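In this note's numbering, the protein residues as written are 316 to 495.
Yeah, the Cβ is synthetic: ideal placement off N, Cα and C, and Gly gets one too.
All values derive from a computational prediction rather than experimental measurement.
What follows is the structure, encoded as structure tokens:
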């Protein structure tokens, strides 16, 4: 096994261990890539490819739910609401990412920023879990559009490498009264 294969194997293990937890898999991959000297074009292509695999796994896992929503859009109010709040929550990060792309790429990918974001994110999880408001929204079908927007704004924090997308979404939801 070559050193590149070993590096890819280790990076794959890190991705597998962190992708579906509310910790930043990207942040962990950045730090591991730095430690393993698995950077540059090959490292970036690998990170994108391995995360694309994770996205495809989620699509396969939730295919029936997503397909049901898509088919139900014309006739089912709950499916329409699900789609609308999902889009509303998605849009802030798209706009912020487009506006801040250069800053994110040139300044925020340093190991110091990633470590700081991981640490602050962990502390935020503990504090929000302890001090969050009592949940008042118990399903996605009951989330108001304004709350979806707030959750979307919380997701913008995940544009900082080291801040988890799922963690920012979960914590944003908890802060605004959404139940797990």
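Take residue i and list the residues in its own chain whose beta-carbon comes closer than 7 Å to its own, dropping the five residues that flank it on each side.
| i | result |
| --- | --- |
| residue 491 | 462, 465 and 466 |
| residue 395 | 388 |
With distances taken Cα to Cα, identify the nearest neighbour of residue i among the options.
| i | options | result |
| --- | --- | --- |
| residue 489 | 475, 418, 386 and 455 | 455 |
| residue 480 | 324, 339, 329 and 434 | 339 |
| residue 363 | 398, 341, 408 and 471 | 341 |
| residue 429 | 320, 347 and 329 | 347 |
| residue 411 | 326, 473 and 393 | 473 |
How is residue i classed by DSSP in three states: helix, strand or coil?
| i | result |
| --- | --- |
| residue 338 | coil |
| residue 360 | helix |
| residue 452 | strand |
| residue 476 | coil |
| residue 326 | helix |
| residue 388 | coil |
| residue 424 | coil |
Count the other CB atoms within 10 Å of the CB of residue i; is the residue buried (16 or more) or exposed (fewer)?
| i | result |
| --- | --- |
| residue 477 | buried |
| residue 397 | buried |
| residue 332 | exposed |
| residue 322 | buried |
Look up residue i in the DSSP assignment and give the residues it is bridged to.
| i | result |
| --- | --- |
| residue 493 | 452 |
For residue i, which residues of its own chain have a beta-carbon under 8 Å away from its beta-carbon, when the five flanking residues on both sides are left out?
| i | result |
| --- | --- |
| residue 432 | 339, 342, 475, 476, 477 and 478 |
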